[in-house]
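Remarks on the structure that follows.
As structure tokens, this is what we get:
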């Protein structure tokens, strides 16, 4: 694995900080974007369409994905390292969002918008830190590339499909209306 120069590390670190800030700004926008669009189904593919836990993963996932794509084309980093770092971070943030929500709401029997917002921001920052650390890791990326590629496409497919075809389990059910997926 090629050694990464200090200058490249500094540039990457700067972009990861910028990415965390941008995603933290865009997350609330993606929460309301579907509503603001008048219920446009195309917008609903990328933005939350209801108050289910699953739909809330999209408010971080897609801004993170869009920024990562832009970051790749701007920085032109090593593709394998970059994909491993980003796929792992995306998978981690989604897993932690769902786990944290069910853990704290189950423990306390209540939900808190403030806790959800703060934790979303904290997780976003952690995801970009993890991405940075993984990218700089000296371990060979060859053995992790295929699992990262599978993870990337599996999560992308789920994020794209489960709004239109949600499984009928609580993770996908709107906590306000009881609806699954797109509002009727």
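In full-length UniProt numbering, the protein residues as written are 1 to 184.
The C-beta atom is built at its ideal place from N, Cα and C for all residues, glycine as well.
Does the distance from the CB of residue 63 to the CB of residue 27 come in under 8 angstroms? Position 63 of the chain shown, counting from 1, holds the residue named residue 63. Position 27 of the chain shown, counting from 1, holds the residue named residue 27. Remark: C-beta atoms of residue 63 and residue 27 approach each other more closely than 8 angstroms.
Collapsed DSSP secondary structure at residue 182 in the structure displayed: Within the chain shown, the letter at position 182 stands for residue 182. Coil, per DSSP.
Leaving out five residues on either side along the sequence, give the residues of the same chain with a beta carbon under 6 angstroms from the beta carbon of residue 61. In the chain shown, the residue the question calls residue 61 occupies position 61. 159, listed in sequence order.
To the nearest angstrom, how far is it from the Cα of residue 79 to the Cα of residue 69? As a position in the chain shown, residue 79 is number 79, starting the count at 1. As a position in the chain shown, residue 69 is number 69, starting the count at 1. Their Cα atoms are separated by approximately 11 angstroms.
With a threshold of 16 other CB atoms inside 10 Å of the CB of residue 122, please say whether the residue is buried or exposed. Reading the chain shown from its first residue, position 122 is the one you call residue 122. A residue is called buried when at least 16 other Cβ atoms come within 10 angstroms of its Cβ; residue 122 does not meet this threshold and is exposed.
Thinking C-beta only, is residue 157 closer than 8 angstroms to residue 182? As a first step, residue 182 is located in the chain shown; it is residue number 182 there, counting from the start. As a first step, residue 157 is located in the chain shown; it is residue number 157 there, counting from the start. One thing to note: residue 182 has its Cβ no nearer than 8 angstroms to the Cβ of residue 157.
Apply the 10 Å Cβ neighbour rule to residue 42 and answer buried if 16 or more other Cβ atoms are within range, or exposed otherwise. Locating residue 42 in the chain shown gives position 42, where the first residue counts as 1. Residue 42 is exposed by the Cβ-count criterion.
Using a Cβ-Cβ distance under 8 angstroms, would residue 24 count as near chain D? Looking for chain D here will not work: only one protein chain is present.
Can you tell me where the alpha helix (DSSP H) holding residue 80 begins and where it ends? Residue 80 sits at position 80 when you count from the first residue of the chain shown. Per DSSP, residue 80 belongs to the alpha helix (DSSP H) from 79 to 108.
Classification of residue 15 by the beta-carbon crowding that lies within 10 angstroms, buried from 16 upward: As a working note, residue 15 is residue 15 in the chain shown. With 16 or more Cβ atoms within 10 Å of its Cβ, residue 15 is classed as buried.
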